[in-house]
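Heads up: the structure comes next, in structure tokens.
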Amino acid sequence: MGRTLVRPALIVALSLGLAGCSYTGAPSQTEPAAVKTTPSTVASSTVKPALSGETVRDSFGNADFYTPVTGDTLSAVAAAYKLSEAKLAGFNGLQPGALLTPGTRLRLIPDGPMPGAMGAATVDANGIPTSYTIEPEDSLAGITYRFNLTDEQLAEANKVAFTYEKGNVYFIRAGNHIQLQKNPVDSRSGQGTSVNNSFGQTIFYTTVDGDSFDSLGYKFRCTTDQLLRWNTALTSDQPIPAGTK
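This is the structure we're talking about:
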């Protein structure tokens, strides 16, 4: 074991602006692993019994794919995931009322380019879209619909301050390569003490074990480059040390 270092408390400066962190390009990220789950019982009279096939979810927990089992019907799957049967059929090149083949995976999100989201996407081994290059006629609504995300989730994945700038879509620009998922972060992260300004925005934060540039970026909507500019004692190739205040 190495020597134990006694470190002084570290207070991470976050931002002094009223508009939160500004977007300076999507951070370099590795693709997160998709989460596979089995759906729980849905409160719907049309789903009896509950679906028991495998669901593949993205890093936010959104369901993107489902693998039917014997007894599943198109209408039951659609109801379970709050889709119309016609829409689910369209995502999968089927006709409403079509019989499902057990083991054949169903898309729960649109497939391929579409109006408002005509760019190319990168997907991981499970088919989850992880990043996207914006085309000139794309829109926030088109991108979030195609990739089954909320506005806030897309902003969080790109560490932009959407929560403080409702409706601000300045990072939706042609040519931008944006992230569609979050990297995994330590479950202990984000539990440090914050200091807020009079507008309720955090300007200082005391780090704890498990904090990282990604966890702070997602929580406070700041890129790694911004955190490094505001905290010159930090370096991107070293973990952020825990501190107390």
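In case it helps, mature numbering (1 follows the signal peptide of the UniProt record, and there is no 0) puts the sequence shown at residues -24 to -1, 1 to 221.
Think of the CB as a built atom: it goes at the ideal place given N, C-alpha and C, for glycine as much as any other residue.
(1) Under 6 Å Cβ to Cβ from Asn152, same chain only, skipping five residues before and after it: list those, please.
(2) Bridge partners of Met90, per DSSP?
(3) Assign Glu61 to buried or exposed, taking buried as 16 or more other Cβ atoms, counted over all protein chains shown, within 10 Å of its Cβ.
(4) Below 6 Å CB to CB, which residues in the same chain sit around Leu82 once its five sequence neighbours on both sides are set aside?
(5) Would Ser107 and Leu70 be called neighbours here (beta carbons separated by less than 8 Å)?
(6) What does DSSP give as the partner residue(s) for Asn172 in the beta ladder?
(7) Report the partner residues of Phe41 according to the DSSP bridge assignment.
(8) Out of curiosity, what's the CA-to-CA distance linking Thr178 and Asn172?
(9) How long is the line joining the alpha carbons of Ala97 and Ile104, rounded to whole angstroms?
(10) Anyone know if the C-beta pair for Thr49 and Leu76 falls short of 8 Å?
(11) Is Thr80 buried or exposed, if buried means 16 or more other CB atoms sit within 10 Å of its CB?
(12) Using the three-state DSSP reduction, which class does Pro(-17) fall into: helix, strand or coil?
(13) Roughly how many angstroms separate the alpha carbons of Asp185 and Pro160, rounded to a whole number?
(14) Please list the terminal residues of the continuous alpha helix (DSSP H) segment that includes Tyr194.
(15) Would a check of beta-carbon distances place Thr46 closer than 8 Å to chain C?
(16) Please identify the residue among Glu128, Met94, Gln129 whose C-alpha is closest to the C-alpha of Arg149.
(17) Going by DSSP, what residues sit across from Ile104 in a beta bridge?
(18) Could you tell me which residues DSSP pairs with Gln202 in its beta bridges?
(19) How many angstroms separate the CA atom of Pro78 from the CA atom of Thr183?
The answer reads as follows:
(1) Counting from one through the sequence shown, the residue named residue 152 turns up at place 176. Around Asn152, the same chain offers Ile110 as residues with beta carbons nearer than 6 Å, after the five sequence neighbours per side are excluded.
(2) The residue given as residue 90 occupies position 114 in the sequence shown. Looking at the DSSP assignment, Met90 forms a beta bridge with Ala93.
(3) Mapped onto the sequence shown, residue 61 falls at position 85. The residue in question, Glu61, is buried, as its Cβ has 16 or more Cβ neighbours within 10 Å.
(4) Working through the sequence shown from its first residue, we reach residue 82 at position 106. Hits under 6 Å: Tyr42, Asn68.
(5) By 1-based counting over the sequence shown, the position of residue 107 is 131. By 1-based counting over the sequence shown, the position of residue 70 is 94. Cβ atoms of Ser107 and Leu70: not closer than 8 Å.
(6) For the purposes of this step, residue 172 is identified with residue 196 of the sequence shown, where counting begins at 1. For Asn172, which the question treats as bridged, DSSP gives the partners Thr178.
(7) Translated into the one-based positions of the sequence shown, residue 41 becomes position 65. Val32, Arg83.
(8) Position 202 of the sequence shown holds residue 178. Position 196 of the sequence shown holds residue 172. If I take the Cα positions, the gap works out to 4 Å.
(9) As a first step, residue 97 is located in the sequence shown; it is residue number 121 there, counting from the start. As a first step, residue 104 is located in the sequence shown; it is residue number 128 there, counting from the start. Ala97 and Ile104: Cα-Cα distance of roughly 10 Å.
(10) To locate residue 49, count along the sequence shown from 1; it is residue 73. To locate residue 76, count along the sequence shown from 1; it is residue 100. Taking 8 Å as the Cβ cut-off, Thr49 and Leu76 qualify as a contacting pair.
(11) Here the question's residue 80 lines up with position 104 in the sequence shown. Residue environment for Thr80: exposed (fewer than 16 other C-beta atoms within 10 angstroms of its C-beta).
(12) Your numbering for residue -17 matches position 8 in the sequence shown. For Pro(-17), the predicted structure reports a pLDDT of 43, less than 50, and the residue's modelled location is therefore unreliable. A value from the coordinates is still provided. DSSP places Pro(-17) in coil when its eight states are reduced to three.
(13) As a position in the sequence shown, residue 185 is number 209, starting the count at 1. As a position in the sequence shown, residue 160 is number 184, starting the count at 1. CA-CA distance, Asp185 to Pro160, rounds to 15 Å.
(14) Start at 1 with the first residue of the sequence shown, and residue 194 comes out as number 218. The continuous alpha helix (DSSP H) containing Tyr194 extends over residues 189 to 196.
(15) The question asks about chain C, but that chain is absent: this structure has only one protein chain.
(16) In the sequence shown, counting from the first residue as 1, residue 149 sits at position 173. Cα-wise, what sits closest to Arg149 is Met94.
(17) Your numbering for residue 104 matches position 128 in the sequence shown. Ile104 is not bridged to any residue.
(18) Here residue 202 refers to the residue found at position 226 when the sequence shown is read from its first residue. Paired residue(s): none; Gln202 is not in a bridge.
(19) Residue numbering aside, residue 78 sits at position 102 when the sequence shown is read from its first letter. Residue numbering aside, residue 183 sits at position 207 when the sequence shown is read from its first letter. Between Pro78 and Thr183, the alpha-carbon positions lie close to 48 Å from each other.
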